[in-house]
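According to this note's numbering, the sequence shown holds residues 2 to 310 in order.
Positions of the beta carbon are idealized from the N, C-alpha and C atoms, including for glycine.
Please read these numbers as outputs of a predicted model, since none were measured by experiment.
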Amino acid sequence: LHQQYTVAPYLAEDVIHVRLRNPHGAYTVGFGGSSSEAPGAAASSAAPETADAHPKVAEAFFFSNGTFVTWGATELQNTALLKDVKAFEINAYAQVATEMFYYLPLVLGLSAYAGGPPLTLPQRQLAVSSALMRSAKLECWEEMLDTHLAKLQPIPEALSRASHLPVSRAQILQNIGELFALRGRVNLHSDLLSAPDFCWSSDRMETVFETVSRNLEVKPRIAVFNKKLDYANELAEVMRNHGHDHYALKLEWAIIVLIAVEIVFELIRWGERYGLIELAPWPDHYANDPHDHGHQHHTAGSSAPVAAA
Numbered sequence: 002l003h004q005q006y007t008v009a010p011y012l013a014e015d016v017i018h019v020r021l022r023n024p025h026g027a028y029t030v031g032f033g034g035s036s037s038e039a040p041g042a043a044a045s046s047a048a049p050e051t052a053d054a055h056p057k058v059a060e061a062f063f064f065s066n067g068t069f070v071t072w073g074a075t076e077l078q079n080t081a082l083l084k085d086v087k088a089f090e091i092n093a094y095a096q097v098a099t100e101m102f103y104y105l106p107l108v109l110g111l112s113a114y115a116g117g118p119p120l121t122l123p124q125r126q127l128a129v130s131s132a133l134m135r136s137a138k139l140e141c142w143e144e145m146l147d148t149h150l151a152k153l154q155p156i157p158e159a160l161s162r163a164s165h166l167p168v169s170r171a172q173i174l175q176n177i178g179e180l181f182a183l184r185g186r187v188n189l190h191s192d193l194l195s196a197p198d199f200c201w202s203s204d205r206m207e208t209v210f211e212t213v214s215r216n217l218e219v220k221p222r223i224a225v226f227n228k229k230l231d232y233a234n235e236l237a238e239v240m241r242n243h244g245h246d247h248y249a250l251k252l253e254w255a256i257i258v259l260i261a262v263e264i265v266f267e268l269i270r271w272g273e274r275y276g277l278i279e280l281a282p283w284p285d286h287y288a289n290d291p292h293d294h295g296h297q298h299h300t301a302g303s304s305a306p307v308a309a310a
């Protein structure tokens with residue numbers, strides 16, 4: 002891998018900045034960015050418009066949550082990079098989420114007029130990459146939630162028809178677990194709701210990060226995501242209550258049957274006690290054991306001596 006990638010100087014904690022060597026030394030025409038999310042990969046690539054705009058080296062930012070963002074990389078470079086990182090995936094998602102963005106260098110340059118020393122190009126790229134990474138990660142979770150809601154689509158229809166829900170108790174518990182996991186990923190175990198650590202040391206990087214995040218509507222999307230989760234949780238609660246009611250109904254019927262059987266036996270004993278019911282005696286061949294009867298007959302007919310004192 003050292004022949005294709007070179008680690009760049011340190012920028013921030015939990016971020017690895019590498020340079021991708023382009024063997025052809027060519028650029029993609031125009032400006033663009035793509036974001037890719039696999040087991041957490043977000044690739045955002047931006048290609049310069051002219052050969053003088055940027056050095057002839059594509060760059061990538063790898064984040065601790067498994068997301069990566071590329072700049073100035075071609076589609077072939079993005080594909081090759083995604084293939085290389087697959088060997089290091091942990092708990093990979095079912096699908097890769099990819100986003101493409103276009104930008105103008107002037108947008109990044111605005112932060113230099115805020116006063117004080119201007120941001121370096123890698124610092125600006127890191128601030129923008131962090132926002133792109135969050136958008137790609139959120140998109141992956143949005144797709145997972147939409148897939149989950151699609152599986153629950155028959156449930157409201159079954160409830161409207163007052164018919165039996167086509168789910169088992171195990172499926173209901175699995176559904177509740179998936180919803181808790183999704184809510185925890187977005188609201189507890191991720192950094193989508195807080196600014197990156199580098200924002201504490203650079204107000205201008207925070208300004209760039211917040212500007213890109215607003216343009217990508219990250220916070221409104223999180224609000225919509227949580228509303229969808231609330232709906233899914235309400236539906237899961239209805240399913241769980243229905244499962245409890247169904248189980249309780251079965252238990253009640255089992256108790257009723259047992260009580261009915263006990264009443265029948267008690268009526269039989271009461272009727273037999275007062276002569277209202279006369280039960281037929283058991284047949285003789287059930288009353289005595291055939292083996293014991295034969296043994297007694299053999300003993301009676303035997304001429305064995307008897308000792309008397």
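task = Quick one: which unbroken beta strand (DSSP E) runs of 3-plus residues sit fully inside the segment 198-230? Chain order, please.
result = Inside the segment 198-230, DSSP marks no whole beta strand (DSSP E) run of 3 or more residues.
inquiry  = Taking 7 angstroms as the limit between beta carbons, can you name the residues of its chain near Asp198, skipping five residues before and five after?
reply    = Counting only Cβ-Cβ distances below 7 angstroms, and skipping sequence neighbours, we find Ala13, Glu14.
message = Measuring alpha carbon to alpha carbon, tell me which residue in Ile269, Leu174, Gly272 is nearest Asn242.
response = Asn242 has its Cα closest to that of Leu174, out of Ile269, Leu174, Gly272.
key: Opening and closing residue of the beta strand (DSSP E) in which Val70 lies   = Val70 -> beta strand (DSSP E) spans 69-72.
task = Starting from the N-terminal side, write out each stretch of the alpha helix (DSSP H) that is 4 residues or longer and does not extend beyond the segment 132-179.
result = Entirely contained in the segment 132-179, the alpha helix (DSSP H) runs reaching 4 residues are, in chain order, 155-161.
inquiry  = With DSSP as the reference, identify every bridge partner of Arg20, one or two as the case may be.
reply    = Listed as beta-bridge partners of Arg20 by DSSP are Thr7, Glu60.
task = Just mark Arg170 as buried or exposed, buried being the case when its beta carbon has 16 or more other beta carbons within 10 Å.
result = Residue environment: Arg170 is assigned as exposed (fewer than 16 neighbouring CB atoms within 10 Å of its CB, all protein chains considered).
query = Of the choices Glu235, Glu143, Gly178, Met134, whose alpha-carbon is the least far from that of Asp192?
reply = Among Glu235, Glu143, Gly178, Met134, the Cα nearest to that of Asp192 is on Met134.
ask   = Can the beta-carbon of Gly98 be found less than 8 angstroms from the beta-carbon of Ala74?
value = Looking at the sequence shown, residue 98 is not Gly but Ala. Not in contact: Ala98 and Ala74 (Cβ atoms no closer than 8 angstroms).
inquiry  = For a test of the three-state rule: what should DSSP assign to Ala93, helix, strand or coil?
reply    = In the structure shown, Ala93 sits in coil (DSSP, three-state: anything other than H, G, I, E or B).
message = Taking the alpha helix (DSSP H) that Thr313 belongs to, which residues open and close that run?
response = Because the chain is modelled from 2 through 310, residue 313 falls outside the range shown and cannot be assessed.
ask   = Under a CB-based cut-off of 8 angstroms, is Gly276 close to chain E?
value = As a matter of chain content, chain E is missing from the structure shown, which is built from one protein chain.
request  = With a cut-off of 8 angstroms on the beta carbons, I'd call Ala128 and Phe210 a contact; round off their distance for me.
outcome  = Sure, about 5 angstroms apart at Cβ, within 8 angstroms.
query = Under a three-way DSSP split, which group does Glu100 fall into?
reply = Reduced to three states, the DSSP call for Glu100 is strand.
query = Touching or not, the segment 141-159 and the segment 226-240, by the rule of three or more beta carbon pairs under 8 angstroms?
reply = Result yes; three or more Cβ-Cβ pairs closer than 8 angstroms.
key: Cα-Cα separation, Trp142 to Leu83   = Approximately 19 angstroms between the Cα atoms of the pair.
query = For Lys138, which option in Arg162, Leu194, Gln124 has the closest C-alpha, if you only look at C-alpha atoms?
reply = Per the Cα distances, Leu194.
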